[in-house]
Each structure stands twice: as structure tokens, then as C-alpha cells.
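A.B. asks: Quick one: structure below, then a few questions.
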Amino acid sequence: MSAPTFPSGSVLGYPRIGPRRELKKAVESFWAGRTTADELEATASALRVAVAKRLVDLGLDASSGAVPGSFSYYDQVLDVVALLGAVPSRFASLTDAKGALDLAGYFTVARGAGEDAPLEMTKWFDTNYHYLVPEISESTPFRFADDRVVRQFVEAKDAGVVTRPVVVGPVTFLALSKAADDSAPGFSPLSRLADVLPVYVELLRALAAAGAPWVQLDEPALVSDSIDVPAAEVHAAVTEAYRVLATELAVGSERPAILVGAPFGGLQGEHDGLALLAATDVEAISLDLVKGVVPAVPVPGLADKTVVAGVIDGHNVWRADLAAKLALVEGLSGLGAGAVTVGTSTSLLHVPHDVEDEDWTNGSIDARLRDWLAFADQKVGEVAILARALTEGRDAVADQIEASRAAVASRAVASGVVVPAVRERAAALTEGDFSRGDYAERAAAQQAKLNLPLLPTTTIGSFPQTPEIRRARALNVKGELSDTDYTTAMQDEIRRVVELQEQIGLDVLVHGEPERNDMVQYFAENLDGFAVTANGWVQSYGSRCVRPPILWGDVTRPAPITVDWSTFTASLTEKPVKGMLTGPVTILAWSFVRDDQPLGDTANQVGLALRDEIADLEAAGIGIIQVDEPALRELLPLRKADQAAYLDWSVSSFRLATAGVVAETQIHTHLCYSEFGEVIGAIDGLDADVTSVEAARSRMEIVPELAEAGYARGIGPGVYDIHSPRVPSTEEVTDLLELAVKSIDSRLVWVNPDCGLKTRRYEETVASLENLVSATNAVRAQL
Ligand code: GLN
Ligand code: ZN
């Protein structure tokens, strides 16, 4: 049997949460016990069928596997755990005789139960999506435990749409797994490849029997230098995996044709991933042509394969200039591929559903953006147009191509996109604007002014966001609570938070951030150049969704943002109050950012706006200002070759934001969510006077690492994990603090929790902070 033809237009995946977050609501109501598993299955099935039909309406072919079957109840990596029956031993009782999890069991592995911790969660490549990390040991059982993928294929086929099931590939699955606690030291999950492949073989056979023409196996491990497995091992595993899956099985009768997806970057790293895949017997390879480039030289082995040109950006929200994208597709002709078709760079999971879900008439979002944006549905439309251009010729879609050009052109010249004053200011920057004076002088001036004790105690900024705070904000947004009353409510909250901190005996106080809905959205709402959506939800993990702001124009600060809150707070206490801002890199990392200029230029614009805010805070008498950069590590490029340039612009934008202050103003920063190994140098480069970092779970590991790297400014390693309600004992905190003062000059050490307290309740917050202060007193007495 010969391989089927790959459809001329397709997308690598589609949002599964539902345009009105139907899946989120259905799943959460199942968790709450309000609905049964059957009811959840029925809702999800209706959603899947509606999505498949919608994608056909938007222009994907209904009969050839153009529509991706990329549904998941929670996470696509967890789905492979379920497929393989590879649940950690603590959850073994949840599986049946065949190793299968029912829906309740599946969610338990994702969310934990009692003492049994869920699978760990971590970032999916360079997106803000988080997957569950499988735990694999020498003895993890693998068998074809779950045929959900097959059943979902049949379900769509019965509804009239022949989909292309999408599954995380075996190499990426194992490369992202961690060695289970009970495995031997040095055990590598990838060493179990030979045991996993037979299950994939069974899955492919079952899909072929069900009539699936294509299956998509995603192998983004091929584009990253940042996973734990060396590239050479990933490459050897890919060769072996696709020998077993593609070469040893007959296409058509024993397996569907295989598309290997390689999203999130170029395949050309230290090793040539494209040549590697071309040498296998898979039928199609999808390239990310937004992040990656492809040299137009013939690649041996491609002549009998389809190359899917991922030219439509699956990871950002801008409408494409279709003529330019078509040129990119045509540029692939030199590769010598058997066929070239059109697709997205990544799954559309990372963008919202539909631009038309916004209310473009009520003034809540700049109406001009309607024409400039493309969410998932618009992107499917773009793919369909490009596919027609390829099959029927450009003239068939000349109008649409022209419309896309006009939209991009109108965006380029629209007011607010380029603000001359912002450009002039950025162009006039000099070295000096990025650096402060000598640290020793700064430290002396700051100590003279602040007169802080040894081991100063503080918090990271937020205090618990109580139901009352959320209710007040919701009422204010609805117009049912006046701005004045809202402000009064927040001021009352700040007063309580200040009194509490004084009672507990903390040295540097915060206002608690009650007025912030989110540390990025709050600034996006108060800066010009940003838009926020009403329905632009994107899955972050499981049932959790976020609405990233859209940074579309040159960034300016129409008015001071935090100054009134901070000065109000300072008026309530004799103790120093720390002002609190979100840094440029984090604002970019958690927004959709304009794609018409380098990220570094945009970061500097945000940096300048923050610089003005910091100047105003300083002028208002706020002597300590913290600029949070929890996402500094997050935007680090997957390819080593790109990392230095990133660290350069990201660190510069922070320095631009903070370097305008006088010596005696103390700048803090805060970092979390990561292993810091690759960014230790960058942390030093930020030149903050004090850096607080997540450290409790790794037992202060970061402190000696920083000290060894020559870091010699203030350091606040987190002394307890705020992600759990558990109250750390005084002894525990004392222990960690002693570790810290042993590995770095104790005069540099600050004492604080790992991160902000907004997700905690007051009960545990107060008890934990009291123990933090007692522990500090105990260690001070030893110094
Ligand atoms: N200042 C913020 C807070 O305390 C920092 C949050 C973060 O690091 N993610 O909530
Ligand atoms: Zn944090």
C-alpha cells in the first residue's frame, strides 16, 4: 500500500479548553462531585465533535487527516502516561487489571490525593503551558493500557471528520520524564525506549485498523538543547524509534502514515535533526519556520516525504502577511522534498480560540486590533488560504492575500504603534543609563539611611488575596462598587497588612498587593501600548487558564501607577516600606508581544516606563524598590547558541529600569520558578542590591552557587516553600538560615519566604512568618 497524500493545509493542534472554557467548567464540576464521569465524557465528546466540525468549516479538509485530534482532559504528556499504563507506584491501586486509569484515577495522578503527591509540573518548552513530568524507573510497567486516542478517532469519523490523532512521540516522552525515586542512581528513562516502542506499535496498529490515514507524533525534544538528555542520545533514540515505528510496520495496513512534529524551534542545532528525520521512513516532517530557518539545500531522503511548512505562528497572536508566508513556503523548494504543504509552527494550544469572541464595540479593547490579530480560528483560516494558493494558484486567493497585506500595513503605521517620543528616548540612551555606581558605596549609603539589623526580614510582596478582596474587585469591575469605595477597601486591607507585619516584627514592610489582579495584567492595564481581552483564555495547565495581555504598541506610562499605594503604606509605619513592581522581562514573558521589532527593543520600552515609575517612587520617599523578574529563566531560548543574546537584552532592560536611582535607594529583585544554573551570571548582571530567590526546596543550594560565581550583594534565599499550606517550624527555618550564613558573608543575607503569599490563607501565613522571625532571632544571636 502506498502512503496517503498529506493534506495541503493543516494545523499541529488546537485549543481544547473550549471557546467558553466549557472543558474547564465540565472538569471542575466533575472534581467537585456535581457531575458523573459519564456526564463529563458526554460534554467532552460534544466539544470534540464541535471542534472537528468547526475546523472543517474554517477550511481544513474533512477526509484526509487535516484536522488534528489533539484533545486532552488535562495534559498531553499525562495522556501518554495513561496510554502506557506507566503510573508511579504510589498510584498503582488506581489502575485496573490492564493498567488503565479511569477518569477519576487520571485526574488523581495529575492532582495528587492526600499524602500522595501528584506528578510534578514543569514548563512545556518555551511556552507558558505546563505539563506533568512522568516518573519512570527500571521497573515501570508499559502496556497498551488506554485506547482513548483510537476511540476519539472513531468518534470524529462517525461524525463525518477523519482526524489525525496527535500524540507526544516516544523519544520526547522519555526525554522529558524523570527517573522515579525508586530507580538506581544514574538511571535514564530514555533507556526504556525499547520497552515503550511496542506500545506505540500497538497504538499505530489499532489506529490503522480504525482507518486513520495519518498520525502525528510530536518530537520537540529535537529542537531543544535545554533538556536533561544529551542531544546525541536524543538523536540515536529518534533513529531507533522511527525504525521500529516506520520501517518495520507497513504503512496503510499496519500503521497510519506518520507526521513527525518538531515545534518550538529549528531542527538545525548542534546536530542536524532534519537530516536525521529525513533518513527515517516517516512520511512527513513538520518544521517550525517561525523560530527556525531552513537552508535551501537538498536534504537526502526528503524526496519521498512531505515537508509541512510551519509558517503560521502557533505561539503568538498576530495576523500574518500571507504573501510573505507564501514566499517562505516557496523558499523550501530547494530542499528537494516530495511535497511541501502549509501548517502552523506549533500547536494552536498556545493562543486563544477566536478573535470574534471579543466585544469589539464596547470600547474595552482597542477596536483596531480586531483586524491585526489572529487567534486559533483565524490562523486555521490563514492556513486554508495558503493551502489554496499552493494547490489552485495565488490568483484564487488574491483578495485574501491583499487583505492580509493591508492589515499588516495598517498596523505598521497606526498611531500608538510607533510613538516618536519613545523612539527618540530609546535612541538617546547611553551606557551610563544602564549602570549604577560602585556597590560598596551604594551599600554604605543604604545602610546609613535604612539602619537595618543583620539578617533583615521581609516578604516578597503579596499577602493573601482573600475572598473579600476578590469580591470587591469583581464588584468594582462590574461598576457595582465605586472607585472611591474600592480604593477605601484596599486601603483598609493595606492597613491590616501593615499592622500585622509590625506585630510579627518584620523589618522591611510591604503593602501586600491587594489592588493587583495579577502581577503582569495590573501593569498592562496601567500602561499604554497594551490591550487586555475578555475571552482570550489560554490553557496554562490542567483546568487553569490565563488571559495574557497583548503588547501591541510603543509602551508609555500615562500616569504613576503604584506611587499612591506605596506612599499611603509608608504613612502608616515608621519602618521602611518596599515599593513593588514587575520587571520588563516578566511583563514580556507573560504577554503576547508585538512581533514587528526585536524583543529587546520592546523590553527597553517597558524598562523606561518602569524607570519613570521608580523615579516617582524615589521622589515620594520610598527608599526600597523591588522589581520582580520571576520569568527571567523562563524566556531563555531552547538553543544554547541563542542564550547569550537573550541574557544580554533581558539583563539590560532590567538595568535600564533600575539604574536611574541614587546610591542610597535600595533596589531589590525577586526570582523564582526555576533552576537557576544557566542564569547565575545573569543574576549577578542585574546588579540589584538585594536578590530574593526561591531556595527552600533545594535547601539553599543557590547560595553557595552564587557565592562561588562571585556574587557579593544582598541575597534573600527563601526559607520556606509557599506553595503548600504547611507551616515550617522555627527549627526548620533556623536550619536553612544557618546553611545560608555558612556559605556566604552573613552581612549579605536577608530572610524571606520563597515567593509571594497571595495564594495562601492568613492562618498559615501568620504562623509561618512568626516562625521566620523567631528563627532569624535565633541565628542573629549566634553571629
Ligand atoms: N511580588 C510578587 C508577589 O509577591 C512576586 C510574585 C512572583 O514571584 N511570582 O506576589
Ligand atoms: Zn516568586
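Mind the numbering: the sequence shown is residues 936 to 1718 in the numbering used here, read in order. Glycine included, each C-beta is placed from N, C-alpha and C at the ideal position.
Does the beta-carbon of His1285, which I'm using as the reference point, lie nearer than 7 Å to any heavy atom of the ligand ZN?
C.D. replies: Within the sequence shown, numbered from 1, the residue matching residue 1285 stands at position 350. Checking the Cβ of His1285 against the ligand ZN gives no.
A.B. asks: Hey, which unbroken runs of the alpha helix (DSSP H) at 4 residues or more fall wholly within the segment 1107-1154?
C.D. replies: Listed in chain order, they are 1128-1145.
A.B. asks: Is it the case that the Cβ atoms of Trp1708 and Ile1439 are separated by a distance below 8 Å?
C.D. replies: On the sequence shown, residue 1708 is found 773 positions in, with the first residue counted as 1. On the sequence shown, residue 1439 is found 504 positions in, with the first residue counted as 1. Trp is not the amino acid found at residue 1708; the sequence shown has Val there. Yes, Cβ-Cβ distance for Val1708 and Ile1439 is below 8 Å.
A.B. asks: From Pro1355 to Gly1464, what distance separates their C-alpha atoms?
C.D. replies: Position 420 of the sequence shown, counting from 1, holds the residue named residue 1355. Position 529 of the sequence shown, counting from 1, holds the residue named residue 1464. So the two alpha carbons sit approximately 13 Å from each other.
A.B. asks: Any heavy atom of the ligand GTP inside 7 Å of the beta-carbon of Ser1397?
C.D. replies: No copy of the ligand GTP appears in this structure; the ligands present are the ligand GLN and the ligand ZN.
A.B. asks: Go ahead and pull the three-state DSSP assignment for Met1515.
C.D. replies: On the sequence shown, position 580 is the one that residue 1515 refers to. Strand.
A.B. asks: Using a Cβ distance threshold of 8 Å, determine whether the segment 1027-1043 contacts the segment 1101-1120, with at least three qualifying pairs required.
C.D. replies: Contact between the segment 1027-1043 and the segment 1101-1120 is absent, because fewer than three Cβ pairs lie under 8 Å.
A.B. asks: Give the DSSP-derived three-state secondary structure of Met1454 in the structure shown.
C.D. replies: What you label residue 1454 is simply residue 519 of the sequence shown in a count that begins at 1. Residue state, collapsed to three classes: coil.
A.B. asks: Tell me which residues pass a beta-carbon proximity test against the ligand ZN: closer than 5 Å to any heavy atom, given in chain order.
C.D. replies: Having a Cβ closer than 5 Å to some heavy atom of the ligand ZN are Pro1565, Cys1607 and Cys1690.
A.B. asks: Please report how far the alpha carbon of Ser1609 lies from the alpha carbon of Ala1331, in whole angstroms.
C.D. replies: Against the sequence shown, residue 1609 aligns to sequence position 674. Against the sequence shown, residue 1331 aligns to sequence position 396. Going by the C-alpha atoms only, they are around 49 Å apart.
A.B. asks: Report the residue from Thr1107, Gly1236, Leu1441 and Phe1458 whose alpha carbon sits nearest the alpha carbon of Leu1270.
C.D. replies: Here residue 1270 corresponds to residue number 335 of the sequence shown, with the count starting at 1. Nearest option by C-alpha distance: Gly1236.
A.B. asks: Need the endpoints of the beta strand (DSSP E) that Phe1465 sits in, please.
C.D. replies: On the sequence shown, residue 1465 is found 530 positions in, with the first residue counted as 1. Phe1465 -> beta strand (DSSP E) spans Asp1463 to Ala1466.
A.B. asks: Among the residues of its own chain, which have a CB less than 8 Å from the CB of Ala1550, if the five just before and after it don't count?
C.D. replies: Along the sequence shown, read from residue 1 onward, the residue named residue 1550 stands at position 615. Taken in chain order, the residues that qualify are Gly1595 and Val1596.
A.B. asks: Near Glu1168, what residues of its chain come up, given a Cβ to Cβ distance below 7 Å and the 5 sequence neighbours on each side ignored?
C.D. replies: If you number the sequence shown from 1, residue 1168 lands on position 233. Excluding sequence neighbours, Glu1168 sits near Leu1125.
A.B. asks: Just tell me which of Thr1075, Val1228, Phe1611 and Glu1448 has its CA closest to the CA of Glu1636.
C.D. replies: Within the sequence shown, the letter at position 701 stands for residue 1636. Taking only the C-alpha atoms, the option nearest Glu1636 is Phe1611.
A.B. asks: Going by beta-carbon coordinates alone, are Val1528 and Thr1279 separated by less than 8 Å?
C.D. replies: Here residue 1528 refers to the residue found at position 593 when the sequence shown is read from its first residue. Here residue 1279 refers to the residue found at position 344 when the sequence shown is read from its first residue. It is not a contact, given that the beta carbons lie outside the stated cut-off.
A.B. asks: Is the beta carbon of Ile1071 sitting closer than 8 Å to the one on Ala1144?
C.D. replies: If you number the sequence shown from 1, residue 1071 lands on position 136. If you number the sequence shown from 1, residue 1144 lands on position 209. For Ile1071 and Ala1144, no; Cβs fall outside 8 Å.
A.B. asks: According to the Cβ coordinates, are Thr1098 and Val1002 closer than 8 Å?
C.D. replies: Here residue 1098 is taken as the residue at index 163 of the sequence shown, counted from 1. Here residue 1002 is taken as the residue at index 67 of the sequence shown, counted from 1. Yes; because the gap between Cβ atoms is below 8 Å, this pair is in contact.
A.B. asks: Using 8 Å as the threshold, is the C-beta distance between Gln1456 and Pro1493 below it?
C.D. replies: Locating residue 1456 in the sequence shown gives position 521, counting from the first residue. Locating residue 1493 in the sequence shown gives position 558, counting from the first residue. The answer is no: Cβ separation not under 8 Å.
A.B. asks: Alpha carbon to alpha carbon, how far is Asp1292 from Ala1592?
C.D. replies: Your numbering for residue 1292 matches position 357 in the sequence shown. Your numbering for residue 1592 matches position 657 in the sequence shown. Their Cα atoms are separated by approximately 36 Å.
A.B. asks: Out of Leu1138, Ala1555 and Ala1119, state which residue places its alpha-carbon closest to the alpha-carbon of Arg1078.
C.D. replies: Residue numbering aside, residue 1078 sits at position 143 when the sequence shown is read from its first letter. For the residues Leu1138, Ala1555 and Ala1119, the minimum Cα distance to Arg1078 belongs to Leu1138.
A.B. asks: According to DSSP, is Lys896 helix, strand or coil?
C.D. replies: As displayed, the chain neither begins before 936 nor continues past 1718, which places residue 896 out of reach and without an answer.
A.B. asks: Looking at the secondary structure, which residues open and close the alpha helix (DSSP H) in which Asp1334 lies?
C.D. replies: Position 399 of the sequence shown holds residue 1334. Ala1333 to Val1348 is the extent of the alpha helix (DSSP H) around Asp1334.
A.B. asks: Going by CA-CA distance only, name the one from Phe1060, Lys1413, Asp1014 and Arg1408 that's closest to Ile1162.
C.D. replies: For this step, residue 1162 is matched to residue 227 along the sequence shown. It is Phe1060 whose Cα lies nearest to the Cα of Ile1162.
A.B. asks: Taking 7 Å as the cut-off, is the CB of Glu1428 close to at least one heavy atom of the ligand GLN?
C.D. replies: Along the sequence shown, one-based indexing puts residue 1428 at 493. Flag unset: Cβ of Glu1428 not near the ligand GLN.
A.B. asks: So Lys1510 and Val1614 are in contact, right, with Cβ under 8 Å, and what is the actual spacing, rounded?
C.D. replies: Residue 1510 sits at position 575 when you count from the first residue of the sequence shown. Residue 1614 sits at position 679 when you count from the first residue of the sequence shown. Not a contact, Cβ separation roughly 32 Å.
A.B. asks: Just confirm the distance between the C-beta atoms of Ser1585 and Val1520, as a whole number of angstroms; I'd bet it's less than 8 Å.
C.D. replies: By 1-based counting over the sequence shown, the position of residue 1585 is 650. By 1-based counting over the sequence shown, the position of residue 1520 is 585. The Cβ separation is near 5 Å, so the contact holds.
A.B. asks: DSSP three-state call for Glu1366: helix, strand or coil?
C.D. replies: Counting from 1 along the sequence shown, the entry for residue 1366 is found at position 431. Helix, per DSSP.
A.B. asks: Check this for me: beta carbons of Thr1241 and Gly1196, under 8 Å apart or not?
C.D. replies: Within the sequence shown, the letter at position 306 stands for residue 1241. Within the sequence shown, the letter at position 261 stands for residue 1196. It is not a contact, given that the beta carbons lie outside the stated cut-off.
A.B. asks: When you compare only the Cα positions, how much space is there between Arg1632 and Asp1499?
C.D. replies: Translated into the one-based positions of the sequence shown, residue 1632 becomes position 697. Translated into the one-based positions of the sequence shown, residue 1499 becomes position 564. Each residue's Cα considered, the two are about 36 Å apart.
A.B. asks: For Trp1487, name the three-state secondary structure that DSSP assigns.
C.D. replies: Residue numbering aside, residue 1487 sits at position 552 when the sequence shown is read from its first letter. Here Trp1487 sits in strand by DSSP.
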